[in-house]
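In the working numbering, the protein residues as written are 2 to 114.
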């Protein structure tokens, strides 16, 4: 995986969508190429307003890892914050980033992955 490629998914409200759009801009500014075609990094901006929203995020994580085992998966947002608070480990997630650090997602990815 020589080229840094990524794709973002967003669950939830308009704020989450705006944050996703900003994150996409930050990732491109750091030299990543946005693509749906087998990216080596998936970023999920998650929601936890309902149990259904959290469940859908989990299901997507598992599906993405099953279909793209070589890809890294990063989850941020409210569901990620809840999972961190509960001490939950998701084997298919490479990095959980809570809401407190959401504005630094691109920087954290560069440092940790």
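A virtual CB, placed ideally from N, CA and C, is assigned to each residue, including glycine.
From a predicted model like this one, the values you see are computed outputs, not experimental measurements.
Give a yes or no on whether the C-beta atoms belonging to residue 12 and residue 33 are separated by under 7 angstroms.
no
In the DSSP assignment, what are the bridge partners of residue 73?
Looking at the DSSP assignment, residue 73 forms a beta bridge with 42.
If you run the structure through DSSP and keep just helix, strand and coil, what is residue 12?
coil
Exposure of residue 58, with buried meaning 16 or more beta-carbon neighbours within 10 Å
buried
Using a 10 Å radius around the Cβ and a threshold of 16 neighbouring Cβ atoms, would you call residue 79 buried or exposed?
buried
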